[in-house]
Every structure is written in structure tokens, then in C-alpha cells.
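Okay, so here's the structure we're looking at.
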Amino acid sequence: MAYEPIWTAHPDKLNKFELVKLEKDGLDVIRTIIENYANEGYDSISADDMDRFKWAGVYQQKPKDGHFMMRVRINTGIMTSAQAHALADISTLYGRGLVDVTTRQAIQFHWLTVESLPDIFERLEKVDLYSFEACGDCPRTIVGNPLAGIDPNELVDTREIVDEVNRFFLLNRDFSNLPRKYKMSISGNTYNNAQAEINDLSFTPATKIIDGKEVVGFHAMVGGGLSAKPHLAQSLDLFVRPEEVLKVAIAVTTIFRDYGYREKRHHARLKFLVADWGPEKFLTKLTEYIGEMPGRGEDKTIGWQAAYFDGVHPQAQKGLNYVGLNVPVGRLSADELHELADLADRYGDGQIRTTMSQNILLSGVPDDQVDELLKAPVLQRLTPQPKHFMSRTVSCTGNEFCNLAIVETKKRAVDVAEYLDQHVDLDEKVRIHFIGCPNSCGQKHIADIGLQGSLLKTPEGLVDAFDIAVGGALGSGAQLNKALKGRVRGDQVGPVLAELILYYKENRNPGESFYAY
Ligand code: SF4
Numbered sequence: 001m002a003y004e005p006i007w008t009a010h011p012d013k014l015n016k017f018e019l020v021k022l023e024k025d026g027l028d029v030i031r032t033i034i035e036n037y038a039n040e041g042y043d044s045i046s047a048d049d050m051d052r053f054k055w056a057g058v059y060q061q062k063p064k065d066g067h068f069m070m071r072v073r074i075n076t077g078i079m080t081s082a083q084a085h086a087l088a089d090i091s092t093l094y095g096r097g098l099v100d101v102t103t104r105q106a107i108q109f110h111w112l113t114v115e116s117l118p119d120i121f122e123r124l125e126k127v128d129l130y131s132f133e134a135c136g137d138c139p140r141t142i143v144g145n146p147l148a149g150i151d152p153n154e155l156v157d158t159r160e161i162v163d164e165v166n167r168f169f170l171l172n173r174d175f176s177n178l179p180r181k182y183k184m185s186i187s188g189n190t191y192n193n194a195q196a197e198i199n200d201l202s203f204t205p206a207t208k209i210i211d212g213k214e215v216v217g218f219h220a221m222v223g224g225g226l227s228a229k230p231h232l233a234q235s236l237d238l239f240v241r242p243e244e245v246l247k248v249a250i251a252v253t254t255i256f257r258d259y260g261y262r263e264k265r266h267h268a269r270l271k272f273l274v275a276d277w278g279p280e281k282f283l284t285k286l287t288e289y290i291g292e293m294p295g296r297g298e299d300k301t302i303g304w305q306a307a308y309f310d311g312v313h314p315q316a317q318k319g320l321n322y323v324g325l326n327v328p329v330g331r332l333s334a335d336e337l338h339e340l341a342d343l344a345d346r347y348g349d350g351q352i353r354t355t356m357s358q359n360i361l362l363s364g365v366p367d368d369q370v371d372e373l374l375k376a377p378v379l380q381r382l383t384p385q386p387k388h389f390m391s392r393t394v395s396c397t398g399n400e401f402c403n404l405a406i407v408e409t410k411k412r413a414v415d416v417a418e419y420l421d422q423h424v425d426l427d428e429k430v431r432i433h434f435i436g437c438p439n440s441c442g443q444k445h446i447a448d449i450g451l452q453g454s455l456l457k458t459p460e461g462l463v464d465a466f467d468i469a470v471g472g473a474l475g476s477g478a479q480l481n482k483a484l485k486g487r488v489r490g491d492q493v494g495p496v497l498a499e500l501i502l503y504y505k506e507n508r509n510p511g512e513s514f515y516a517y
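If you count by full-length UniProt numbering, then the sequence shown holds residues 1 to 517, one letter each, in order.
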């Protein structure tokens with residue numbers, strides 16, 4: 001180990017899982033999977049190593065009968081058509097043809113067996129993709145602006161920066177044992193495309209006059225995260241030049257590694273340390289690592305578009321367009337992904353981009369090719385002109401595959417969106433997020449309407465139900481949504497939301513929107 005972990009001085013203050021991590025680094029499980037478990041099978045996997053599978057990007061799938069889910073890092077959401085084909089092939093061969101886009105721009109498979117994992121790791125590596133550290137107590141997929149490099153609203157093209165930060169942290173054993181998961185976002189987009197406030201560390205576009213010249217760079221925020229106790233990230237009084245992003249990321253991650261709480265797992269995220277220290281003390285500690293750096297300049301974030309891009313839009317490059325497609329609740333088939341990859345090659349720049357709203361973009365489409373592209377059969381379902389409610393519905397995995405889920409979510413979310421599109425005529429788009437348990441992978445707290453799965457006692461017994469919260473938003477008026485009273489049966493969610501939205505429609509003030517600010 002290249003560094004001396006300082007927290008081990010107090011082993012009595014470590015939670016049980018910390019001891020598991022100290023006994024064997026999470027990254028070591030990758031070799032054990034390849035050399036042992038893939039040959040010896042599911043029943044040979046030890047309980048502790050099963051917990052460490054997360055470092056390989058792999059979780060047990062419900063109902064723990066030998067199947068796994070895998071998350072693949074798509075940093076900043078940008079992949080090539082060759083990578084998309086490789087992902088689709090893996091899904092077809094081992095994942096029953098299912099592909100999920102997650103709310104952190106990653107790709108998720110289901111139904112994998114332990115025997116298939118070495119071949120999947122190899123197939124991914126051949127196209128420079130990795131599932132490693134997409135889960136676990138380590139730096140996860142770096143989210144960012146999916147429009148990086150083609151964005152008319154971009155202050156800095158962040159592709160190389162994201163690549164540099166990813167290459168530094170990926171499989172880096174100095175940072176593979178953090179107190180808990182650790183999420184970074186890096187975006188130069190002025191509409192907050194990477195949802196900065198809900199990340200442990202985020203970089204957002206900014207400028208500062210230094211030595212009489214305007215310098216383009218970033219502001220930094222720390223301590224955001226959702227789950228059962230959501231926190232919005234807090235700004236540091238810091239201006240970061242593009243070439244300094246890695247230095248700051250290393251320092252913040254080091255502080256989290258060495259000072260983050262390891263006593264109680266549910267209290268181990270960076271957000272709790274930042275809440276206790278406050279941004280000033282955090283910056284003082286950070287300065288010990290990065291040296292004196294300039295304070296904040298001018299913030300260049302001018303709004304929030306919630307990472308939605310449906311439709312055809314001009315790129316920064318004249319004559320070229322990107323096309324935002326709706327992927328209902330983030331789920332598509334392997335065949336559809338192959339078709340999108342073919343379209344990216346035939347009509348676009350050979351790239352496919354995933355968004356934090358669980359959707360997909362095709363980019364680099366010349367003006368005179370747009371009409372032909374839009375006729376493609378696959379775009380009739382994955383359409384750039386989705387119905388209002390379907391276009392803004394997000395869902396976590398839910399109890400179809402997730403062991404922590406209390407209720408089913410994806411099918412419910414589609415049913416509710418279809419119901420609302422049939423019964424509610426509204427001239428604006430309302431963002432509705434479903435989650436199956438308090439962990440909030442579906443980012444319920446930032447939705448216009450957030451639904452959290454629960455159970456309700458009825459004369460027929462316990463039934464799926466949802467708690468409803470309204471008014472979440474990010475950007476300059478960022479706020480978490482607030483709970484409404486009562487709990488709604490799952491089969492009543494559509495009609496109840498229809499009533500709620502129609503009440504709003506009839507009573508809104510002129511110029512008012514459902515959007516919280
Ligand atoms: Fe599973 Fe809960 Fe996350 Fe949904 S929010 S995917 S149910 S852990």
C-alpha cells in the first residue's frame with residue numbers, strides 16, 4: 001500500500017465493513033473472480049467477497065439465486081459506436097438483451113452469471129470500457145456534460161479533463177478504500193447538465209479576472225448527495241483553472257479518505273463531514289494540500305435544464321446537430337442499442353451520449369441528414385418527440401432486480417406516465433421520479449414530483465404504495481422536494497397525480513410554472 005491509512009489507528013471506531021475492506025482490498029476481488037469464482041461457480045463465493053464484488057461493478061441481483069447486475073462506467077456519458085456495439089453484444093450474450101441507462105450516465109446489465117464475468121471484463125477492456133469501481137466505496141463514474149465538445153452553451157470542453165481525472169483514479173489503490181461511495185461531476189455547461197449539487201465533488205463553469213485577464217475555469221462544490229438524508233453541495237471560495245481540476249480532485253478525495261467518518265456506514269458519506277466542518281473549514285484543510293489558490297470568480301451557470309435534450313438542436317459546430325431521444329425509464333434492448341450505434345455511424349459522428357435523465361443523444365448529424373435519420377424505425381419508440389409525461393419520467397431499478405427495493409418501480413413509472421399522457425393536457429413538462437426505497441438512485445428529491453416506494457396496510461393485506469414529495473429543483477434556487485401528507489396505493493398513483501396536476505393547472509397564477517422557481 002503506497003500510503004499509511006490513518007484511520008486504522010482506531011479500529012474500535014470502524015464499522016464491520018471497514019474491517020472487511022482492511023482484510024482484503026475491494027479491487028483484489030477482480031482477480032479472485034477471474035481466477036476462482038468464475039471457475040468454481042456461485043456457491044463458492046464467500047460472503048465477504050460477495051460484498052467486495054461491488055468493486056468489480058457487480059451486485060447480486062434479486063432474489064440472490066446466482067444472477068448479477070453490472071454497471072459500466074460511461075464517464076461524462078460519451079461512448080463510441082464500437083463501444084455501444086460491444087455493450088449490446090454483452091447484453092445479448094449474457095444479459096437477456098436488457099440495457100438500462102442509469103441516472104449517472106452509466107450502462108447497467110442484468111441476469112449475468114459469475115461464469116460470464118471474465119469474458120465480459122475482457123470484452124469491455126478491448127473497447128476501453130470498465131465496470132471496475134462503478135460501485136463500491138471508491139470514486140465512481142464521473143458524470144458530466146453529455147454535450148461536451150459540441151455544446152453551444154459550454155464554457156470549457158471537459159472531455160480531456162474528465163479523461164485525465166478518470167485515468168488517475170480508476171484502479172488506483174491509494175483511493176480504493178474510501179469511507180463510502182464517492183461521486184464527482186465535471187461540466188462546463190452553463191445549464192448545469194451534470195446536476196452539480198447532488199455530487200460529493202463537482203466542478204461548474206466560472207471565470208475570473210487574474211492579472212487583468214479573464215481566465216476560464218471552474219468553481220467547486222463539495223458535500224452533495226441524496227439517499228435517505230439528502231444534502232445539497234456547498235460552494236467553496238475557490239477558482240480552479242482547467243489544469244488544476246485533477247489536483248483539487250485528488251485533495252478533496254484525500255480529505256474524504258483520511259477524515260471521512262468510518263464508524264457508522266449510514267453516516268460515512270462526504271456530505272456529513274462537510275456539514276460538520278462547513279465550507280470554510282473544509283477549504284482551510286484543502287489549502288494544506290493544494291496551496292493558496294484564488295477565490296471564487298464569476299459563476300457562469302445561468303440555469304438548469306435538468307439534463308433533458310429531446311428534439312433536434314444545433315451544435316456549436318455550424319451545420320451539425322444533436323438529436324435527443326427519449327428512452328422510457330432508461331430501458332432499451334440490445335438490438336435497439338446496436339441500431340443506435342449504426343445510426344451514429346451512418347448519420348452522425350459515430351458517438352452515442354447518455355444523460356443523467358436516463359436518455360440518449362446522437363450527435364454530429366449534418367443539417368441535410370436529419371430528416372433521413374428521423375425516419376429510422378428505432379426512433380419511432382426511442383423518439384425525439386416523446387409525449388410530455390413519458391419524456392420526463394425517471395425510475396430506479398426497483399424490486400425487479402434490486403435487493404433493497406420495497407416496491408416495483410420501472411413498470412409502474414411507465415404505466416403512470418402513459419396514464420397522465422392520456423388524461424392530462426398540460427402546456428409544460430413535469431418531471432416525475434420513482435424510487436423503490438429511500439436510497440434514491442432515481443434522484444427523487446430533485447424531481448417536480450418525487451415518489452418513494454413503501455407499503456400500505458389494506459384490508460387485502462400489504463400493498464405497494466408511494467409517498468409523494470413536490471417542488472425539487474437544482475440551479476440557483478436549488479431545493480429538495482417536500483413531502484405531502486399521506487401515502488398513495490401504487491395502483492392509484494396515476495389518478496392521484498392527474499388530480500394534483502389538474503388542480504395546479506386550474507389554480508396557477510399567470511406565468512407560474514410547476515417548476516419550483
Ligand atoms: Fe434499489 Fe432503492 Fe436504489 Fe431503487 S433506490 S435501485 S430500490 S437501492
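Here a beta-carbon is modelled for each residue, glycine too, at the ideal position from N, C-alpha and C.
* Skipping 5 residues on each side, what residues in its chain have a beta carbon closer than 6 Å to that of Phe-169? -> Hits under 6 Å: Pro-139 and Phe-175.
* Taking 8 Å as the line, does the beta carbon of residue 519 fall inside it for any heavy atom of the ligand SF4? -> Because the chain here runs from 1 to 517, residue 519 falls outside it and cannot be looked at.
* Straight-line Cα distance separating Thr-355 from Arg-104 -> 8 Å
* Cβ of Cys-138 within 8 Å of any heavy atom in the ligand SF4? -> no
* Check whether the stretch 260-268 touches the stretch 177-184, counting contact only when three or more Cβ pairs, one atom from each stretch, lie closer than 8 Å. => yes
* Asked: Closer than 8 Å: is that where the CB of Ile-198 sits relative to any heavy atom of the ligand SF4?
  -> Not under cutoff, so the answer is no.
* Which listed residue (Arg-508, Arg-159, Gly-188 and Ser-391) has its alpha carbon closest to that of Thr-301 -> Here the closest residue by C-alpha is Gly-188.
* Does the beta carbon of Ile-468 fall short of 8 Å from some heavy atom of the ligand FAD? -> Looking for the ligand FAD in the displayed structure turns up nothing; the ligands present are the ligand SF4.
* Comparing the CB of Pro-438 with every heavy atom of the ligand SF4, is any distance shorter than 8 Å? -> yes
* Using only the heavy atoms of the ligand SF4, determine whether one of them is closer than 8 Å to the beta carbon of Ala-405. => yes
* Identified DSSP bridge partners for Glu-154 -> Asn-189
* **Segment limits, alpha helix (DSSP H) that includes Gln-83** => 81-94
* Taking 9 Å as the cut-off, decide whether the C-beta atoms of Ala-306 and Arg-431 are in contact. => yes
* Asked: Span of the beta strand (DSSP E) holding Gly-348?
  -> Careful: Gly-348 lies outside any beta strand (DSSP E) and carries neither H nor E.
* Residue nearest to residue 540 in terms of C-alpha spacing, selected from Gly-364, Phe-389, Asp-119 and Glu-400 -> Since the first and last residues shown for the chain are 1 and 517, residue 540 lies out of range.
* To do: To the nearest angstrom, report how far apart Asp-349 and Ser-227 are at their CA atoms.
  => Rounded to the nearest angstrom, the two C-alpha atoms are 37 Å apart.
* Asked: Just reading off the alpha helix (DSSP H) that Asn-166 is part of, what are its end residues?
  -> Per DSSP, Asn-166 belongs to the alpha helix (DSSP H) from 159-169.
* **Other residues of its chain near Leu-500: CB distance less than 6 Å, five sequence neighbours each side excluded** => none
* **Alpha-carbon to alpha-carbon, Gln-452 and Pro-328** => Their Cα atoms are separated by approximately 19 Å.
* Asked: Comparing alpha-carbon positions, which option in Thr-141, His-110, Asn-75 and Val-240 lies nearest Leu-147?
  -> Asn-75
* Hey, Leu-201 and Val-222: beta-carbon distance below 9 Å or not? -> yes
* **When Val-143, Val-114, Pro-294 and Ala-251 are compared against Lys-64, the one with the closest alpha-carbon** => Val-114
* **Reference Arg-71, options Gly-57, Gln-83 and Thr-80, closest by Cα** => Gly-57
* Asked: Taking the DSSP output, what are the residues bridged to residue 540?
  -> The requested residue 540 is not part of the displayed model; the chain covers only 1 to 517.
* For the beta strand (DSSP E) that contains Lys-213, what are its first and last residues? -> 213-222
* Check Phe-17 in the structure and name its three-state DSSP category. => Helix.
* To do: Measure the C-alpha to C-alpha separation of Glu-197 and Ala-478 and round it to an integer number of angstroms.
  => 8 Å
* **Presumed contact (8 Å Cβ cut-off) between Leu-55 and Gly-136, rounded CB distance** => According to the sequence displayed, residue 55 carries Trp and not Leu. Their Cβ separation, rounded to whole angstroms, is 4 Å, which keeps Trp-55 and Gly-136 in contact under 8 Å.
* Quick one: what does DSSP say Val-329 is sitting in, helix, strand or coil? -> For Val-329, the three-state secondary structure derived from DSSP is helix.
* Asked: At which residues does the alpha helix (DSSP H) containing Met-50 begin and terminate?
  -> 47-52
* Nearest-angstrom Cα distance between Lys-387 and Leu-340? -> 21 Å
* Asked: So the alpha helix (DSSP H) Val-493 belongs to, where does it begin and stop?
  -> For Val-493, the enclosing alpha helix (DSSP H) covers residues 493-507.
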